[in-house]
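Take a look at the structure set out below.
4 protein chains.
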Amino acid sequence: MAQTVAFFGLGNMGGPMAANLVKAGYAVRAFDPVPASVATAVAAGCSAAESEAAAVAGADVVISMLPNGELVEALFLDQAGLFEQLAPGTLVIDCSTIAAASSRRVAAAGAERGIPVVDAPVSGGVAGAQAATLSFICGGEADAVARARPLLAHMGANIFHAGASGAGQIAKICNNMLLAVHMVGTAEALQLGVDNGLDPKTLSEIMLKSSGCNWSLEKYNPWPGIMDNVPASRGYQGGFMVRLMQKDLGLAMATALASHSSTPMGALAQSLYQLYGELGGEDNTGLDFSSIQRIFGGED
Amino acid sequence: MAQTVAFFGLGNMGGPMAANLVKAGYAVRAFDPVPASVATAVAAGCSAAESEAAAVAGADVVISMLPNGELVEALFLDQAGLFEQLAPGTLVIDCSTIAAASSRRVAAAGAERGIPVVDAPVSGGVAGAQAATLSFICGGEADAVARARPLLAHMGANIFHAGASGAGQIAKICNNMLLAVHMVGTAEALQLGVDNGLDPKTLSEIMLKSSGCNWSLEKYNPWPGIMDNVPASRGYQGGFMVRLMQKDLGLAMATALASHSSTPMGALAQSLYQLYGELGGEDNTGLDFSSIQRIFGGED
Amino acid sequence: MAQTVAFFGLGNMGGPMAANLVKAGYAVRAFDPVPASVATAVAAGCSAAESEAAAVAGADVVISMLPNGELVEALFLDQAGLFEQLAPGTLVIDCSTIAAASSRRVAAAGAERGIPVVDAPVSGGVAGAQAATLSFICGGEADAVARARPLLAHMGANIFHAGASGAGQIAKICNNMLLAVHMVGTAEALQLGVDNGLDPKTLSEIMLKSSGCNWSLEKYNPWPGIMDNVPASRGYQGGFMVRLMQKDLGLAMATALASHSSTPMGALAQSLYQLYGELGGEDNTGLDFSSIQRIFGGED
Amino acid sequence: MAQTVAFFGLGNMGGPMAANLVKAGYAVRAFDPVPASVATAVAAGCSAAESEAAAVAGADVVISMLPNGELVEALFLDQAGLFEQLAPGTLVIDCSTIAAASSRRVAAAGAERGIPVVDAPVSGGVAGAQAATLSFICGGEADAVARARPLLAHMGANIFHAGASGAGQIAKICNNMLLAVHMVGTAEALQLGVDNGLDPKTLSEIMLKSSGCNWSLEKYNPWPGIMDNVPASRGYQGGFMVRLMQKDLGLAMATALASHSSTPMGALAQSLYQLYGELGGEDNTGLDFSSIQRIFGGED
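Chains as they are written, first to last, in the working numbering: chain A, 540 to 839; chain B, 540 to 839; chain C, 540 to 839; chain D, 540 to 839.
Take a look at the structure:
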């Protein structure tokens, strides 16, 4: 018999993720405060739950995909207090990107009631959610992550186990901080080359085959017109928005503050994304994060 | 009949490069102010030239591999004034990493006398010089670069044409600036993960398959013990020394100043490498550049 | 009749502050979990309170001087729950340096019970606490600050009203972030001069009378031997410890993250103080914050 | 009998400086390639020199105020070769802000001919030049500086002797680098306060009396409307232009590169001024340097 999944948060990411579970044969009960999100989920084959409690009644697995830690804690611990209503042994997978400390609080509260909790933040964006090619970076007990794997495999292509509870969050923000660093660094290097007469496409090709090579250059060149099918070649529309990078860098900085880690390059990238976000009165936060290229001046 | 090559600068890099040309059948005349370097070159099959003038008499190609631009300009323009002694049409390939402005001065002076000059700084280090797997990043006229290609192919594996004279230097320092940025960024990200309980090997594996991926992580992991055969796993001995990265970052910064380019991440990396170099009274400049990891604290 | 003050936190700062109130004629009831601190306070004329509740019974004013926001919230809101025991109208002055958000939570809870709360973080250090020359930077209602003024005037020389609740904390961390920025900047400028042959004393004198002038240069020169009676001239002992600057910069960064403010110079100063703190395995966090000068290399 | 001064460079700065010498009774011969500048100088009482040689014939003192080191070296060493035409003992005072290395080349060439050269870069701007309140930061032999003092005293209010030849330049760029650091830091601190509800005027007053105090805050508040008579209160018109700060930071960075000094805060300030200069396609380089405040967002 098909497993029943309670799914909280059916937005741009959660919606297609839940739809992929439906396709794989799961019975998915959708809960979201936004009626339109629920409607889309129902159209994809989910059933609508009238309340948080109704969603989880008899569910085998609970998945959440929420915008911040306050909402995750409210769902499981505080207002909705779902942990009180889940049977021991119910698996909880939280796919939200939130502070590791928040993930750990939720996991500890779950553990007290015999409810294993996996933090499984994703990367890959809306396109990855739709194509079921997301990466999940998991934190939690090994057996809980093992139980989560088959479900996650229907929604994504890579499933990593980073360590204990919260480790998924830590690994994700380390990765995204490093991504921001090499994206800004790539933008600077391209601009420096162009300012000195180089063709940005030629320079990109050289660095791709040299020690400067990195994901931003290889998969996501920030200079317009170098690569097809990247945000830089369509006016920085779509992709991973500046405001989401700002959020992840904020989590990285808060984590670094708490662990007394020095992250000078990460901190500078964070400052530059913050500066860029509202530059000159515009609001650039809705553009793709590779548009940081523009801060360095461009062709002129 | 074999082409005759005059080779200036037979040190750690130039020595094995010249030896590879000998193996390929070129007649190589070696000139170096250090007698031991000449002796090694002779042992590898070069002939020793008694003077700069003797080295170039009748040579088809002149190759230089010198530590800085002052020496390159002294060789071709000033003291030795080689350009006065070369027959028009002699090909000059300068493999030194120097300021683009210096390369352009040399190339312009060569052009006035009908002598094509290619700037062809290398990457790949001593190991690459020995194994003939260097990358050459060339600047100059297309036909001059085309003439240089067969010779360079005996000394390296990749030959890039970045653009006009000086473009090889620009491309190289853009690449190395970006390398420094993602090396420091990688070191920070690993430390942040470790400070928050992650295993650096697991975190490295996750980021390698994610958007944080970059050359430092993939080929040159700075955390001790993650990869075999990298400097981090042998006490940061060998590899690309901090002082050479300092030199390249210095060239990058001077270039950025001259072109009024803003390179905040590059400038921070430069400051950190400068700071690290003589940290706490030690002189870390002889260690591999991935040892910047140590500035962030390590396991404790 | 003398006013009765309940004083929580009688450490290096709170101890001499309470003693100054005793000298001014107040009846001061001291509470601190550390017996030695209480003993010192009693020797200075305070009476020892057996419990938090006993300390505040019938008190006109409550003053707290605690190391962090968790303890402040525990005292007033959570564990000790003092607000339940205070008569409406009792004035609360919290002199701790904590997050503005924490100050606001305490103030809001006080307001609900008719208890005015002033956040009044101090600057001036232990010497200022002993000499009653502290600066208090206050946040809260104007009439509450007005009530606090006479007491504060016995413990300090400057009393500022920065704005509503939490504004004292904000103003303090803005000030201390700026202090860190010009301290590091001053250290860099002095080192740059010395590295280029200047005498640091002559350079200091010139910059003091020029546009580079700032408090670090004028009152607290970080180069050893330039000024008497500053930490730099006594091995960086005494003064404002690196770990306290790290704490304040941490609060500044957390504040900037929450308000989406870009503070690149502040973030870099924070990173450098973090880096410096445990440099090379040493723990520099107990030295005065002007010892950041040492990171730049010194005389050699 | 009045001393005769040959004055090279009669622009916005040199013009009023020469005029002040005329007022003090000197016979001033003006040379400038721009006819309008000469005309203004003549109107102020200078005599026009037809050539560099004519200007210096029989002059007791030569003063130069030129935009860059290339022009200074051209005047004294290369094209005009003035040193060949000056009588031994003629005093040369170069008030241009140029690289210390350039000053040292000129001074060394002068010394060979018995001509003492003082580098005496100024601060104080056009207003200071007009009001004769400039600061001169001198490098050179003590007796040469002593000879220069009476002349400089007619053009300025402060005369510093920083050290040997070039030391004037070094001290000036150290000062201006520190100025840039605390200006940007002040702008960040004010913005952070405003973003968290503080009144920028109140915050300024508090920091002025606290350890954040610095020249930018005291004499040149970058937030519009806090101080009268500063560029921030007149749309950032007038004052010390961004492009001049960019020039001085460029000299500082080049100096730091040459002396292998780490200047992370200076380098970040340089990057931010570079970024700001042409932000969003505008050219902000003609505004006063305190307008860097705008990069941080302002009131909204």
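All C-beta atoms, glycine included, are put in the ideal place defined by N, C-alpha and C. Only a predicted model underlies this, so the values are computations on that prediction, with no experimental measurement involved.
8 Å Cβ cutoff, residue i in contact with chain D
{"i": "PHE675 (chain C)", "result": "no"}
{"i": "ALA588 (chain B)", "result": "no"}
{"i": "LEU788 (chain A)", "result": "no"}
{"i": "ILE602 (chain A)", "result": "no"}
{"i": "GLY705 (chain A)", "result": "no"}
{"i": "THR802 (chain C)", "result": "yes"}
{"i": "GLU817 (chain A)", "result": "yes"}
Whole-Å CB distance - residue i paired with residue j, under 8 Å assumed
{"i": "ASP659 (chain B)", "j": "ALA687 (chain B)", "result": "The displayed chain sequence assigns Ala, not Asp, to residue 659 (chain B). Contact holds; Cβ gap of about 7 Å."}
{"i": "VAL723 (chain B)", "j": "ILE654 (chain B)", "result": "About 41 Å separates the two Cβ atoms, so there is no contact after all."}
{"i": "LEU826 (chain C)", "j": "MET780 (chain C)", "result": "7 Å"}
{"i": "VAL611 (chain C)", "j": "VAL645 (chain C)", "result": "6 Å"}
C-beta neighbour in chain A for residue i, strict 8 Å
{"i": "GLY732 (chain C)", "result": "no"}
{"i": "VAL798 (chain C)", "result": "The residue asked about is misnamed: residue 798 (chain C) is Ser in this sequence, not Val. With 8 Å as the cut-off, SER798 (chain C) does not count as an interface residue toward chain A."}
{"i": "THR794 (chain C)", "result": "no"}
{"i": "LYS740 (chain B)", "result": "no"}
{"i": "ILE834 (chain D)", "result": "yes"}
{"i": "LEU826 (chain D)", "result": "no"}
Rounded C-alpha distance that separates residue i from residue j
{"i": "ALA728 (chain B)", "j": "CYS752 (chain B)", "result": "12 Å"}
{"i": "ASP738 (chain D)", "j": "ALA703 (chain C)", "result": "11 Å"}
{"i": "SER642 (chain A)", "j": "VAL661 (chain A)", "result": "14 Å"}
{"i": "ASP571 (chain D)", "j": "ALA593 (chain D)", "result": "12 Å"}
{"i": "PRO761 (chain C)", "j": "ALA771 (chain C)", "result": "5 Å"}
{"i": "GLU757 (chain D)", "j": "SER603 (chain C)", "result": "33 Å"}
{"i": "VAL573 (chain C)", "j": "THR579 (chain C)", "result": "10 Å"}
{"i": "PRO606 (chain D)", "j": "ALA692 (chain D)", "result": "22 Å"}
{"i": "PHE622 (chain D)", "j": "VAL600 (chain D)", "result": "12 Å"}
{"i": "VAL581 (chain C)", "j": "GLU609 (chain C)", "result": "26 Å"}
{"i": "ALA640 (chain A)", "j": "VAL733 (chain B)", "result": "15 Å"}
{"i": "SER576 (chain B)", "j": "THR543 (chain B)", "result": "20 Å"}
{"i": "TYR812 (chain A)", "j": "GLU591 (chain A)", "result": "37 Å"}
Bridge-paired residues (DSSP) for residue i
{"i": "LEU788 (chain B)", "result": "None; LEU788 (chain B) has no bridge partner."}
{"i": "ASP658 (chain B)", "result": "B:ASP633 and B:GLY678"}
{"i": "HIS700 (chain B)", "result": "B:CYS677"}
{"i": "GLY695 (chain B)", "result": "B:LEU673"}
{"i": "SER603 (chain C)", "result": "C:PHE547 and C:ASP633"}
{"i": "MET780 (chain B)", "result": "B:ASP827"}
{"i": "ASN559 (chain D)", "result": "In DSSP, ASN559 (chain D) forms no bridge with anything."}
{"i": "PHE570 (chain B)", "result": "B:PHE547"}
{"i": "ASN753 (chain C)", "result": "D:ASN753"}
{"i": "SER586 (chain B)", "result": "B:ARG568"}
Any chain B beta carbon closer than 8 Å to residue i
{"i": "ALA806 (chain D)", "result": "yes"}
{"i": "HIS721 (chain A)", "result": "yes"}
{"i": "GLU727 (chain A)", "result": "yes"}
{"i": "LEU560 (chain C)", "result": "no"}
{"i": "LEU717 (chain D)", "result": "no"}
{"i": "PHE699 (chain A)", "result": "yes"}
{"i": "ILE632 (chain A)", "result": "no"}
heavy atom of the ligand MN below 7 Å from residue i C-beta
{"i": "ASP822 (chain A)", "result": "Among the components modelled here there is no ligand, and therefore nothing to report on the ligand MN."}
Any chain C beta carbon closer than 8 Å to residue i
{"i": "LEU783 (chain A)", "result": "no"}
Contact the region 582-594 of chain A vs the region 556-572 of chain A: 3+ CB pairs below 8 Å: Three or more beta-carbon pairs separated by less than 8 Å link the region 582-594 of chain A to the region 556-572 of chain A, which places the two stretches in contact.
The region 793-800 of chain B / the region 788-795 of chain D touching (three or more Cβ pairs under 8 Å): yes
The region 668-688 of chain A contacting the region 551-564 of chain A, beta-carbon criterion three pairs below 8 Å: yes
Taking one C-beta from the region 613-627 of chain A and one from the region 682-701 of chain A each time, how about it: are there three or more such pairs within less than 8 Å? By the Cβ criterion, the region 613-627 of chain A is not in contact with the region 682-701 of chain A, since fewer than three pairs of Cβ atoms, one from each stretch, lie closer than 8 Å.
I want to know whether the region 799-806 of chain C touches the region 710-726 of chain C - three or more CB-CB distances under 8 Å. yes
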